[in-house]
Structures are given as C-alpha cells and as structure tokens.
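**Q**
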Amino acid sequence: MTQYPALEVKHKSGEEFFHIEGEPLNENLLSFWQWSSSDLVSNTMRGILAEYIVASALGENHSHRTEWDAYDIKTKEGIKIEVKSGAFIQTWHQKKLSSIQFNIRPTVCWNSQTNTRSNEVIRQADIYVFCLLIHKEQDTIDPLNMNQWQFYILSSDELNRSLGAQKTVVLSSLLRLNPINATYSELPSAIKRLANEDVKNHP
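Our numbering numbers the first residue of the sequence shown as 12 and each following residue consecutively.
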C-alpha cells in the first residue's frame with residue numbers, strides 16, 4: 012500500500028507569488044495573510060495569536076505551528092504546554108462584554124507524524140496557559156500590545172485534581188484554583204517554576 016509521510020513544512024517569507032506553472036501572478040503570500048489573518052480579535056485568529064505569543068515569550072517560535080497536535084508548544088526542556096485564549100471584546104456587535112470560558116476538555120492524543128491516535132482520554136499537556144485579552148475598550152483594543160494581555164498558568168495535575176474530566180472552566184472558577192498570574196515577560200520563569208514544582212511533587 013502506498014505510504015504518504017508527513018509533509019515537511021518550510022518557513023515562508025510572504026514574498027512567494029501565486030503562479031500558474033511558474034508564471035507569477037500579481038498576488039503574493041503576504042496578500043493572502045493580510046486577507047485571511049488581519050482580524051486578530053476573532054476567536055479563531057486570537058487563539059492562534061495567543062499560541063504564538065506564548066511561543067515567542069519562550070523562544071519557541073522558530074519552527075511552525077502544527078494544527079491538531081496533542082499540545083500546542085513543547086519547550087527545549089520538554090515541557091508540554093496547552094494554550095487557551097479568551098477576550099471580553101469580540102469582532103462582532105456586542106450588547107455586553109463577553110463572559111470568559113476556557114476549553115479544558117481531556118482529549119485523545121493524535122501524532123501528526125504517524126497519523127495515529129491513542130486510546131487514552133487525558134489532558135495531554137503538562138501545563139495550561141490561559142491567555143486573557145483583558146482590554147475592554149473597542150477603540151483602543153490591540154492584541155499586539157502585550158500589556159493588554161494577562162496570563163494565568165496552571166498545571167494539568169491541578170486541573171485534574173480540582174475539576175476532573177470537566178470540559179470547560181469559567182474565569183471565576185479558574186481564579187479560585189490560584190493559578191500563577193503572569194505578564195508576557197514573566198511567562199518563561201513562571202512556566203519553568205511551575206514545571207519544576209510538578210517534578211518535585213511527582214518524582
């Protein structure tokens with residue numbers, strides 16, 4: 012049977028042109044990115060942006076994002092991180108600010124290299140980083156401004172212990188679990204500190 016191994020994904024510059032059999036058209040890849048990814052407040056793009064923000068804080072943004080992987084980021088130290096995002100302001104018309112709720116559903120593990128799934132339903136990452144776009148003014152909201160984000164960091168062990176197989180958690184319930192509250196610049200040290208505490212608790 013023919014096998015199709017995972018494709019090698021190479022970094023793009025944005026200058027690559029759309030073409031017809033090598034004959035370039037007027038549009039390049041940057042124009043596609045501008046068309047598809049300019050709304051940084053929308054749920055889907057904000058979630059991807061949050062992953063990038065955490066990866067960049069950790070210096071892990073030099074490869075590429077793998078969609079549907081078991082977890083979002085793996086550090087050089089081997090720490091597996093799941094990133095979730097929320098925001099009070101949305102792209103669409105709102106009558107009031109959004110309530111904050113994060114997805115913490117346990118999942119089966121999918122290996123992107125082998126296209127295989129595990130049978131065990133668990134939280135795949137070691138640590139969850141909940142990224143909240145805390146700014147509440149439409150006119151000045153800017154997801155590229157790191158001061159408009161707040162980051163809450165919690166171990167999967169704590170989620171398992173406190174919430175079991177619960178699929179979602181609202182902000183007030185999350186805060187009652189006493190997560191580490193960090194700014195962008197504090198993310199690397201906070202994540203490493205929590206990971207080290209987990210190792211001590213589970214030698």
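From the three backbone atoms N, C-alpha and C, an ideal C-beta is built for every residue, glycine too.
#1: What do you get for H146, buried or exposed, if any count of 16 or more other CB atoms within 10 angstroms of its CB means buried?
#2: Is the beta carbon of K203 less than 8 Å from the beta carbon of Y139?
#3: Name the two residues that bound the continuous alpha helix (DSSP H) containing V65.
#4: Suppose you measure from the CA of F29 to the CA of K23; what does that come to, to the nearest Å?
#5: Starting from L108, trace the beta strand (DSSP E) in both directions and tell me its first and last residue.
#6: Could you pull the start and end residues of the beta strand (DSSP E) that N156 belongs to?
#7: Given a cut-off of 8 Å on the beta-carbon distance, is the pair P190 and I164 in contact?
#8: If L41 sits next to E62, beta carbons under 8 Å apart, how far is it from one beta carbon to the other, in whole angstroms?
#9: Using the Cα positions of S167 and L18, report the straight-line distance between them to the nearest angstrom.
#10: From L143, A98, I111 and A81, pick the residue whose C-alpha is nearest to that of T118; which is it?
**A** Taking the definition as stated:
#1: Residue numbering aside, residue 146 sits at position 135 when the sequence shown is read from its first letter. Its Cβ being crowded by 16 or more others within 10 Å, H146 is buried.
#2: In the sequence shown, counting from the first residue as 1, residue 203 sits at position 192. In the sequence shown, counting from the first residue as 1, residue 139 sits at position 128. The answer is no: Cβ separation not under 8 Å.
#3: By 1-based counting over the sequence shown, the position of residue 65 is 54. Run containing V65: N54 to A68, per the alpha helix (DSSP H) assignment.
#4: Here the question's residue 29 lines up with position 18 in the sequence shown. Here the question's residue 23 lines up with position 12 in the sequence shown. Their backbone Cα atoms lie some 13 Å apart in a straight line.
#5: As a working note, residue 108 is residue 97 in the sequence shown. That residue, L108, is in no beta strand (DSSP E); it is neither H nor E in DSSP.
#6: On the sequence shown, position 145 is the one that residue 156 refers to. Per DSSP, N156 belongs to no beta strand (DSSP E) and is neither H nor E.
#7: For the purposes of this step, residue 190 is taken as residue 179 along the sequence shown, with counting starting at 1. For the purposes of this step, residue 164 is taken as residue 153 along the sequence shown, with counting starting at 1. Taking 8 Å as the Cβ cut-off, P190 and I164 qualify as a contacting pair.
#8: Looking up residue 41 in the sequence shown gives position 30. Looking up residue 62 in the sequence shown gives position 51. Between E62 and L41 the Cβ distance is about 21 Å, and since that is not below 8 Å, they are no contact.
#9: Indexing the sequence shown from 1 puts residue 167 at position 156. Indexing the sequence shown from 1 puts residue 18 at position 7. If you take the alpha carbons of S167 and L18, they lie about 31 Å apart.
#10: The sequence position of residue 118 within the sequence shown is 107, counting from 1. Checking every option, the nearest Cα to that of T118 belongs to A81.
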